[in-house]
Every structure is written in C-alpha cells, then in structure tokens.
DNA sequence: GAAGAAGCGGACCGACCCGTCCGCTTCAGC
DNA sequence: GCTGAAGCGGACGGGTCGGTCCGCTTCTTC
C-alpha cells in the first residue's frame, strides 16, 4: 500500500506488520499522537524492536496510518463525483469526513502537521477532488461562497474535536449539523 | 486572584511571579500545554527552580493561567447579561469566547482536561452565566434549540483550533461566522 | 549596617521514551 | 531434516524533562 513494490515479506512478518498497523491505528485514535511505541507494540503483541524494523521512526508509522485513512476518504470522494445531486454529494462528503475524524479525532491535526511525503501527497489529492465537489455544490446553490476543501476539512475536523469532551456520545452529530447549517449560503 | 489571602511576597519574588505568569501564558499559547518548564523559566528570566517554588507542579501553573482567562470571560459574560438585546449579547459572547481562544488555541482543550479545582470551578461558574445568555437568546428567537454552554464553547473553541493551520491569518473570523450561522434557528 | 528571613537557581535524581543492536528463533526452499 | 536467510525482541544507550534540594544571594526590618 505504502510502497507498491514491497519485497514479499515472510508470512510471520506480514502477520506482524498487519497487527502493528491495526494496533497503531487504534492506539493513535485512542491516546493521541504521543502514544509510546511500547504501547503500540504491546497491543500488537510484538516487541518494540519489531515495530522499528518496519517503520524507521514513530513519525513514519503515524504517516502510514494517516495515509490509510486518507485513502479511504479519497475513494469515497471519487465515488461522490458520480453522484448527480451536487448538494447531496457534498452533504455526504461532510458526513464521510466526519466519520473518519470520529474514528480518529487526531486525524485532521495529524494530517496538517505531518510532513511525510506519503501524507502531504494524499492530502493534496484529496483537496483537489473535494474542491471539485465543493464547486459543484456551490454552483447548485447548496454551499456558500468563499470556502475551499481546507476550510471544510478544518470545520468538520473541528466539530468532531469539539465533541471529544461532550457528555453524550452522539453529540458529534449535532455539531456536524451545526456546521452543515453554517455552510449553506 | 487564585487564593484571596496570599501572604505578602517579597518585592523581587512578586516581580518574578508576575513575569512567570506572563511568560507561561505566552509559552502555553504559542507552544501548547507541553512546553517545558525550562522554556517558561527562560522566557521569564528565572531559574526553573523558581517556577516550582510558586507552583508545585506544571499542572498547577497551567491551571493558574487558564483561570486567568476564565476570569476575563466571566467578567465579560456578566456584563453581557445587562445588554438589553439578547440576540446581540449572544453574538458578542461568541466573539469574546473566540477572541480568548484566539489568544490561546489550547484554551478550550485545557479547560476541559484540567482537573484542578481552580479551573473546574471557574468553568462551572462560566457555564451558568453563559447558559443564561443562551436561554435569553433562544427566547428571543436568535439561537436554535438544544444547545447549552458546553456545546457553544466547544464549537467556538474548535473553530479557532481549526483555523490554526489556515493559510490566511484572519480565517478564524470566517470560521466563527460559519459557526454563528449554524447556531441560528 | 547587621541579622535573619525569604528567595534564588543550578546541580542532581529518577522516570520515560525513542531508536539501535545483536544473540537467538523461526521460516522457506531443497 | 538441513541450512541459510529473515525475523524477532529485549537489553541498552542517550537524551529529555519534571521535580527536589541546598549553598549562596537579596531583601527587609530594626
């Protein structure tokens, strides 16, 4: 996924790699970008030396996890370009982004601050597609002017972040609805 | 401020205390809650032992800084209760909160996660007054139903946080406007 | 200006954590 | 099964940082 031509891994190594990526995604989402590698290794059931053999630094591991999330969003966004109703497509996009941020509340912040090529390229690609979706929606009169992909991403990420300390667990939906209402012309 | 009956400090000690609080506020706002005490001490022009004499832990220092911000907001909110136009008072409240978060983008997150009595009490007080302002505004038809002080605080704080990585420096105003638009009925 | 209290700050300790390294284990091909 | 390569993981080094402590300095009071 990260590098298209990975030399085939031994079966046990591949198994460990998968478990590390899953454990890292969970741990980052739950404890934030400052989780220790030891914690991730513990969750994956491997020694922390094993983590460092696959990912030279903690940042590289974080980047791999972020990239996976970005790829999911990319796929979803591309599909939405085919949706005939531009306004509905935009609303769906927002909810998809919200779901992603919901799974990892540090996603937006992470993508913004991560300098790894893997992530900045993914972000760039995503922005281009999302900008298309926004322009379409604006022409259809469903979205106010003066907003781009970065703005929408930031606001949605923010709404989820806001709900992190909420009392009820579904508050994030209300917050996203507030933002959606604010995005209309 | 924190404790009403502080035993009088020696003149130089009081001077140092003031400089520490200013330096800490700046450093926390600029570098986040993880700044080192050494950095704060350096900015204040004191040794880091001096910081620990006034504040037993880093958390206590952070709490003192947060409390100061909360007190400013408290004062502002109380004044707004006297404003005859409930809708306008609410909008002003939101902008005041935004300005505070703008000065320290980690303010909201800090207040939510800080366990020190000093801060939780201040938050409680603020919530009560802001809830009054919101109820007034709702009765005046200026704010949608189903939102309380916590919600509004979260959304405003998040909007500012979102603007932290924005390209233009005034983007945070646009974001607050989006949220304000979303808060209307 | 003398004396004692208050304050200062840097050396120091211990905990934590990233990243390396190497002796041992496990897998894959024959 | 044998063999060599690939993989493993824990011990270790080095750096950082929060918090303590104590010999020295500075202020205040008389």
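Protein chains in written order, with the working numbering: chain A, 1 to 185; chain B, 1001 to 1185. Each residue gets a CB set at the ideal place from its N, CA and C atoms; glycine is no exception. The structure displayed is predicted, hence computed values, not measured ones.
Counting only runs of 4 or more residues that sit fully inside the region 84 to 119 of chain A, the alpha helix (DSSP H) segments are 86 to 103 and 107 to 113, in chain order. Its Cα nearest to that of residue 1101 of chain B, the residue B:1070 stands out among B:1048, B:1070, B:1014 and B:1049.
At a cut-off of 8 Å, the C-beta of residue 94 of chain A has no neighbouring C-beta in chain B. For chain A, the residues of the region 1151 to 1179 of chain B that bring a beta carbon within less than 9 Å of one of its beta carbons are 1151, 1153, 1154, 1155, 1156, 1157, 1158, 1159, 1160, 1161, 1162, 1163, 1164, 1165, 1166, 1167, 1171, 1174, 1175, 1177, 1178 and 1179, in chain order. For the 8 Å CB-CB criterion, residue 137 of chain A and residue 143 of chain A form a contact. Residue 1050 of chain B: member of the alpha helix (DSSP H) spanning 1048 to 1054, first to last residue. When the Cα atoms are used, residue 139 of chain A and residue 169 of chain A turn out to be separated by approximately 35 Å. Residue 1158 of chain B is positioned such that its CB atom lies no closer than 8 Å to that of residue 1172 of chain B. In this structure residue 1146 of chain B is exposed. Its beta-carbon is surrounded by fewer than 16 other beta-carbon atoms within 10 angstroms. Annotation: residue 1146 of chain B is outside any alpha helix (DSSP H) and is labelled neither H nor E by DSSP. Where residue 1060 of chain B is concerned, the enclosing alpha helix (DSSP H) starts and stops at 1058 to 1080.
Identification of chain B residues near residue 112 of chain A by a Cβ-Cβ cut-off of 9 Å yields 1164 and 1165, ordered along the chain.
In this structure, residue 182 of chain A and residue 1179 of chain B form a Cβ contact; the two beta carbons are roughly 6 Å apart against a cut-off of 8 Å. No Cβ of chain B is located within less than 8 Å of the beta carbon of residue 137 of chain A. Residue burial is scored here from C-beta neighbours: residue 1044 of chain B has at least 16 other C-beta atoms within 10 angstroms and is therefore classed as buried.
With distances taken between CA atoms, residue 1053 of chain B lies nearest to B:1016 out of B:1110, B:1107 and B:1016. Here residue 1079 of chain B is exposed. Its C-beta has fewer than 16 other C-beta atoms within 10 Å. Interface annotation, residue 66 of chain A: not in contact with chain B, CB-CB separation never under 8 Å. Rounded to whole angstroms, residue 92 of chain A and residue 1035 of chain B show a C-alpha spacing of 39 Å. For residue 1146 of chain B, the neighbours in chain A by C-beta distance under 9 Å run, in chain order, 174. Proximity of residue 1115 of chain B to chain A, defined by a Cβ-Cβ separation below 8 Å, is not satisfied.
At a C-beta separation below 9 Å, residue 183 of chain A has these neighbours in chain B: 1178, 1181 and 1182. Sorting A:135, A:67 and A:75 by C-alpha distance to the C-alpha of residue 112 of chain A places A:67 at the top.
With respect to the 8 Å criterion, residue 59 of chain A and residue 116 of chain A are classified as neighbours on the basis of their beta carbons.
Taking C-beta separations shorter than 8 Å and ignoring five residues to either side along the sequence, the partners of residue 1097 of chain B in its chain run 1073, 1152, 1153, 1156 and 1157, following chain order.
Ranking B:1042, B:1033 and B:1032 by CA distance to the CA of residue 1019 of chain B puts B:1042 first.
With at least 16 other beta carbons inside 10 angstroms of its own, residue 1021 of chain B counts as buried.
Contact between residue 24 of chain A and residue 61 of chain A holds, with the beta-carbon distance rounding to 5 Å and staying under 8 Å. In this structure, the straight-line span from the alpha carbon of residue 108 of chain A to that of residue 1051 of chain B is close to 34 Å. Cβ neighbours of residue 37 of chain A within its own chain (closer than 8 Å, five residues either side excluded): 48, 51, 52, 58 and 61.
Residues of the same chain with a CB within less than 6 Å of the CB of residue 1122 of chain B, apart from the 5 flanking positions on each side, are 1067 and 1070 in chain order.
About 4 Å separates the CB atoms of residue 127 of chain A and residue 149 of chain A; that is less than 8 Å, so the two are in contact. For the pair residue 1081 of chain B and residue 1009 of chain B, the CB atoms are not nearer than the 8 Å cut-off.
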